[in-house]
Amino acid sequence: MKFQVKRKGLFSIGELATVFHVTPGTIRHYESLGLLKPSFVDPETNYRFYEFSRLEVLHTIRYLRSLGMTLEAIGEFLRDRNVSGILELLEAQKMEIAAKQRELKITKRKLERRIQSIKDALGSPIDEIQLVTLDKQKFLLLETKLVNPDNDDLEMAVQELEKNQKDSLVFLGKVGLGILKNHLKEGSLETYDFVFLMLDKEDSFSGKVLTTPPQLGVVTRFKGLHKEAPAAYTKLLEFISANNLEITDFSREITLIDSGFTSDQNLYVTEIQIPVRQKNE
């Protein structure tokens, strides 16, 4: 590309911006941070001009920015350029990229599980009861009595669960409600004993976590949200009694598809799990 340079061997700020596919504003920003200095400023027009040597600086800035480095780190290097400095800078950036890759892999796995969960919910049988082996599960629990909870109740409980966490643990589909074993046996089905967050194995967290092993459980899914749950609980309790089973732990009630996913209430799906075991004959 051929440019008309107003002063021999110098680029105007517009020409420099064109060469590096940036805006003149970006060049001025680099100047304001001390990363780049004009070779000559016309005293009459205040126009800036840059020698070819400044192109090397811009090449360096663009290269290091492509690696994700901050302008602050680049500025420190440019003020004291040396081989050991660039090696240290590149090694530090390599470690940061590796950490980001690990985070992205974790996020990808969580997304894949959530996608599969939604697809499964859309295609799963409704109002059927199955006897299955529940996976190992991890929970953060908040003991609180809730009757016919709405979104505001759940949101307040979630905020309480998360307030001491470094990172957000809430991911669509992970918030649930539980009823204690004794209350299930008594048929007390409209008052929840706690709210929980079901943790993925990759979640980092602080505080007391309840881990349950793989175990036998009865599971059903129904159309609707928590207010429709008592009828589903009643069917589950009848199934447990009819099949000579007994409840061993609290229920896990999670909305798989709710207003966080769709505005179509006809697509809402909620799942209830109740751990059980076979009664001794």
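The opening residue of the sequence shown carries number 2 in the numbering used here; numbering runs sequentially from there.
In this text, a Cβ means the ideal position worked out from N, Cα and C, and glycines have one as well.
About 7 Å separates the Cβ atoms of Thr235 and Leu190, confirming a contact at the 8 Å cut-off. The beta-carbon distance between Val277 and Leu217, rounded to whole angstroms, is 6 Å. This is short enough to meet the 8 Å contact definition. Take the alpha-carbon of Leu59 and the one of Asp43: they are about 21 Å apart.
Where Phe53 is concerned, the enclosing alpha helix (DSSP H) starts and stops at 53–67.
Close CB contacts of Lys228 within its chain, under the 6 Å cut and outside five residues either way in sequence, are with Asn149 (chain order). Inter-residue distance for Ser260 and Asn267 is about 11 Å (C-alpha atoms, whole angstroms).
Looking at the DSSP output, Phe12 shares a beta bridge with Tyr51.
Val133: not part of any alpha helix (DSSP H); member of the beta strand (DSSP E) spanning 130–135, first to last residue. Bridge partners of Gly179 according to DSSP: Phe195. Annotation for Lys224: no alpha helix (DSSP H) segment contains it, though the beta strand (DSSP E) segment containing it runs 216–224. Counting every other CB atom within 10 Å of its CB across the protein chains shown gives Pro39 a total of 16 or more, marking it as buried. If you ignore the 5 residues before and after Ile127, its C-beta comes within less than 8 Å of the C-beta of Arg222, Phe223, Lys224, Val270, all in its own chain and listed in chain order. Looking only at Ala74, Met96, Leu237, the smallest Cα-Cα distance to Gly86 is reached by Ala74.
Within its own chain, the residues whose Cβ lies closer than 7 Å to the Cβ of Tyr51, once the five positions on either side in sequence are excluded, are Leu11, Phe12, Leu17, Pro39, Ser40, listed in chain order. Using a Cβ distance threshold of 8 Å, Arg253 and Gln279 do not count as a contacting pair.
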